[in-house]
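Q:
Number of protein chains: 2
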Amino acid sequence: MIDVIFLGTGGSMPTEGRNLPSIAFQYEGQILLFDCGEDLQRQIERAGIGLNKRMAIFISHMHADHILGLPGLLLRFSLLGRFKPLNIYGPPELIEYVKVNQATINLGTTFESIVYSIEAGPVYEDHELIVNAFEVEHRGYALGYQIIHKRPTGVFLPEKAKELGIPQGPLWGKLSDGERVVLDDGTVIDPSQVTGPPPNPIKIVYSGDTRPCDALRNASKDANILISEAMFSSEHSHLAPPRGHMTSIEAATIALESNVDLLVLTHYSPRYEDGSVIEEEAKSIFPNTILARDLMRITIDKNGRYKIITQ
Amino acid sequence: MIDVIFLGTGGSMPTEGRNLPSIAFQYEGQILLFDCGEDLQRQIERAGIGLNKRMAIFISHMHADHILGLPGLLLRFSLLGRFKPLNIYGPPELIEYVKVNQATINLGTTFESIVYSIEAGPVYEDHELIVNAFEVEHRGYALGYQIIHKRPTGVFLPEKAKELGIPQGPLWGKLSDGERVVLDDGTVIDPSQVTGPPPNPIKIVYSGDTRPCDALRNASKDANILISEAMFSSEHSHLAPPRGHMTSIEAATIALESNVDLLVLTHYSPRYEDGSVIEEEAKSIFPNTILARDLMRITIDKNGRYKIITQ
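Top line first, the protein sequences correspond to chains A and B.
Take 5 as the starting number for the first sequence in our numbering and just add one per residue.
Take 5 as the starting number for the second sequence in our numbering and just add one per residue.
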């Protein structure tokens, strides 16, 4: 089960209702954080995300609205006594940015934070998820991220478990969650023995800031969820190319072309504060579109079924 | 008339009710801004402070909770098309901090911002106010600021104006505001000819972060308002010296020793979120104490009379 929590959904400038961009993936006591908009430390608190979780941070590109919340988060963690290290991934300039912040404004030192300069390709893997970066077309070097759940498990089949003599109880739960178990007689049971054919891996894509591009189309192919920027409505489509952004119609067209299941639009301009024009225009192309809201949560189960919870 | 607007009154970490430290002095279309806590750009908007005001910024010291709102403010001003230059004053490291932020996270370039490294002494003067910095005792180099209204004008005396043949109307207003006027016959009238003896200049002091020290006592001598940090209650007074902060009792003692008129306490720890213990302990020493609240405004007229407006 993965929770995707929208900590900030604003565009360029924060408003009363929308913080600047940040998205948390929460699963099994672990957090992956994509972008760090200003005032993130307060959003983390509001979302109930704990201090000492295992955590990795991914920055899409070096524009202030995507990064200004990072130093405050490091400060808060230090003031509260975080001790677990924190890895941060992003464009090359991120290394100097974090270093100078640490050197000049006293971010504290209760934990180690290491910044990695990354390129397109696989950048992170743990027991549950793989993160692949891909280069998008914004102003300057910019990345999107593809997040893949790597342990898909088929539907649990109780009759098969009974046939193999596995007692009903915790072992069934573990097998159903994709874990191997050992019976009292030493027999090792692999989950594949008691589950149906595995579904496709869950795939979620975050566009970062970009023009429509093949890298985003390819990364999004058959994705369960595409989380995409949609800075402009069609009325201001002339602004999208020079500013390196998309209209909501362009984002919806990618969702359609890439055959995604759900399109979630975020990072639209403050000029459309209620977002209705952004949502309506996208829906005319790709009906299964929703607008991200601050502190909205999408819970995705291992079969890719999702539930949307707004505050 | 000077408006002192508390844009952030929090301590170390922002909370639901309190942004990180920032205080605006607003007068005659001009803004002086002291410290820049995170999310300042949204507080500026909430306080109704305009984009293209003449503005100078003063940073007390290089700790993240006093400075993280500065890059976002520069970004916002640039996105909205500010064109007036902006001078920023503070410790020497501020120069590198702003430079690296500008170089790495695309803060925009619609206006010029120049950073000045300052020491104790006079640092700023315009037609209305003088700002003097003084060095305080925190962890590392830290400044407090003394803000002085430099054109005190006595009470306007209508009978004197009549004697000199000045027609009742706009000229009376200008003289009353301390401006020279020229009559139709070419006679120049100085405000001193039609006003009573000038009162003492209005003096407002901002402590920054500090232990009790003579520099703060001296700067605050007979001040109208002392705006002071009060990080701890007496229960946690043992934390004040190692962390370079004051208890509210220490702040109140300075207010008493320096014979200030009003003591405004700010930047107290989130552990006393409602602030009552901070306020009560200070009042036991110095009764004319209030707690600063976010977006609270103190309006001070030219005679030093003040009015407090909370939202």
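Note that beta-carbon positions come from the ideal geometry of N, C-alpha and C, so glycine has one too.
Please read all numbers here as calculations on a predicted model, not as lab measurements.
(1) Does A:H64 pass the burial test, meaning 16 or more other C-beta atoms within 10 Å, or should it be called exposed?
(2) Once you ignore the five residues that flank A:E214 on each side, which residues in its own chain have a CB closer than 8 Å to its CB?
(3) Run down chain A in chain order and give the residues with a C-beta less than 8 Å from the C-beta of B:M59.
(4) Starting from the Cα of A:A227, find the closest Cα among A:L168, A:A244, A:V209 and A:D39 and give me that residue.
(5) Does DSSP classify A:F115 as helix, strand or coil?
(6) Looking only at its chain, what residues have a beta carbon closer than 6 Å to the beta carbon of B:E2, apart from the 5 residues adjacent to it on each side?
(7) Under 7 Å, CB to CB, which of the residues in the region 80-97 of chain B have a partner in chain A?
(8) Just to check my reading of the structure: A:H70 and A:P25 have Cβ atoms closer than 8 Å, yes? What is that Cβ distance to the nearest angstrom?
(9) Name the DSSP beta bridge partners of A:L36, please?
(10) Does the beta carbon of B:Q47 sit closer than 8 Å to a beta carbon anywhere in chain A?
(11) Check for me: the alpha helix (DSSP H) holding B:D218 runs from which residue to which?
(12) Just grab the DSSP bridge partners of B:V8 for me.
(13) Three-state secondary structure (DSSP) at A:K178?
(14) In the DSSP assignment, what residue or residues form a beta bridge with A:I294?
(15) Can A:L83 be considered in contact with the ligand FAD, in the sense that its beta carbon sits closer than 7 Å to one or more heavy atoms?
(16) Do you know how far the Cα of A:L266 is from the Cα of A:N292?
(17) Okay, do the region 159-171 of chain A and the region 108-125 of chain A touch, 3+ Cβ pairs below 8 Å being the bar?
(18) Looking only at its own chain, which residues have a Cβ that is under 7 Å from the Cβ of A:G279, when we skip the five neighbours before and after it?
(19) Kindly list, in the order they appear in chain A, the residues whose Cβ is closer than 8 Å to that of B:G248.
(20) Out of curiosity, what's the CA-to-CA distance linking B:Q315 and A:E277?
(21) Taking CB distances under 8 Å as the criterion, tell me whether B:N110 reaches chain A.
(22) With a Cβ-Cβ cutoff of 8 Å, do A:L133 and A:L36 count as a contact?
(23) Which stretch, first to last residue, makes up the alpha helix (DSSP H) that contains B:A107?
(24) Using a Cβ-Cβ cut-off of 8 Å, state whether A:Y31 counts as contacting chain B.
(25) For A:I27, count neighbouring C-beta atoms within 10 Å of its own C-beta (all shown protein chains included) and say buried if the count is 16 or more, exposed if not.
(26) Could you confirm whether any beta carbon from chain A is found closer than 8 Å to the beta carbon of B:G76?
(27) Which residues in the same chain have their Cβ closer than 7 Å to the Cβ of A:G33, if we skip the five residues on either side of it in sequence?
(28) Using the Cα positions of A:Y310 and B:P246, report the straight-line distance between them to the nearest angstrom.
(29) Between B:M17 and chain A, is the shortest Cβ-Cβ distance under 8 Å, so that the two count as touching?
(30) Spatial neighbours of A:V159 within its chain, please: C-beta separation below 7 Å, excluding the five flanking residues on both sides.
(31) What's the gap between the Cα of A:L243 and the Cα of A:I282?
(32) Classify B:K166 as helix, strand or coil using the three-state DSSP reduction.
(33) If you draw a straight line from the C-alpha of B:Q30 to the C-alpha of B:D7, how long is it?
(34) Can you name the residues of chain B whose CB is closer than 8 Å to the CB of A:V264?
(35) Rounded to whole angstroms, what's the CA-CA distance from B:T191 to B:E129? Just pull it up for me.
(36) Assuming contact is defined by CB atoms lying nearer than 8 Å, are A:I231 and A:V268 in contact in what I supplied?
A: Judging by the given coordinates:
(1) For the sequence presented, residue 64 of chain A should be read as Ser rather than His. So A:S64 counts as buried.
(2) Here residue 214 of chain A is Thr; the residue named in the question, Glu, does not match the sequence. Counting only Cβ-Cβ distances below 8 Å, and skipping sequence neighbours, we find V140, E141, H142, A146, G148, L220, E233, G248, H249 and M250.
(3) The contacting residues do not exist; B:M59 stays about 18 Å from chain A at best.
(4) Of A:L168, A:A244, A:V209 and A:D39, the smallest CA-CA separation from A:A227 is found for A:V209.
(5) Shown here, A:F115 sits in coil according to DSSP, grouped into three states, outside any helix or strand.
(6) Nothing can be reported for residue 2 of chain B, as the shown portion of chain B is limited to 5 through 315.
(7) Answer set for the region 80-97 of chain B: R80, L83 and E97.
(8) With a Cβ gap of about 6 Å, A:H70 and A:P25 count as contacting.
(9) The partner list for A:L36 (beta bridge, DSSP) reads A:F29 and A:A60.
(10) No, because no Cβ of chain A sits closer than 8 Å to the Cβ of B:Q47.
(11) Residues D218 to S224.
(12) Its beta-bridge partners are B:F29 and B:I302.
(13) Here A:K178 sits in helix by DSSP.
(14) In the DSSP output, where bridge partners are listed per residue, A:I294 has A:V268.
(15) Within the structure as shown, the ligand FAD is missing, as the structure has no ligands at all.
(16) If you draw a straight line from the Cα of A:N292 to the Cα of A:L266, it is about 6 Å long.
(17) Contact between the region 159-171 of chain A and the region 108-125 of chain A is not established, with fewer than three Cβ pairs separated by less than 8 Å.
(18) Answer for A:G279: Y272 and L295, listed in chain order.
(19) Taking a Cβ-Cβ threshold of 8 Å, none of the residues of chain A is close to B:G248; the smallest such distance is about 11 Å.
(20) Between the alpha carbons of B:Q315 and A:E277 lies a gap of roughly 24 Å.
(21) With 8 Å as the cut-off, B:N110 counts as an interface residue toward chain A.
(22) Between A:L133 and A:L36, the CB-CB gap stays under 8 Å.
(23) Where B:A107 is concerned, the enclosing alpha helix (DSSP H) stretches over E97 to T108.
(24) Judged by the 8 Å Cβ criterion, A:Y31 is not in contact with chain B.
(25) Result: buried.
(26) Residue-level contact by beta carbon holds for B:G76 and chain A, with a gap shorter than 8 Å.
(27) Annotation for A:G33: K57 and R58 place their beta carbon closer than 7 Å to its own, counting only its chain and skipping 5 residues before and after.
(28) A:Y310 and B:P246 have their C-alpha atoms roughly 50 Å apart.
(29) The beta-carbon of B:M17 is placed less than 8 Å from the nearest beta-carbon of chain A.
(30) Cβ neighbours of A:V159 beyond the five flanking positions: T199 and G200.
(31) When rounded, the distance between both Cα atoms is 15 Å.
(32) For B:K166, the three-state secondary structure derived from DSSP is helix.
(33) One C-alpha to the other measures close to 5 Å.
(34) The contacting residues do not exist; A:V264 stays about 30 Å from chain B at best.
(35) Spanning the alpha carbons of B:T191 and B:E129 requires a straight line of approximately 30 Å.
(36) A:I231 places its beta carbon less than 8 Å from that of A:V268.
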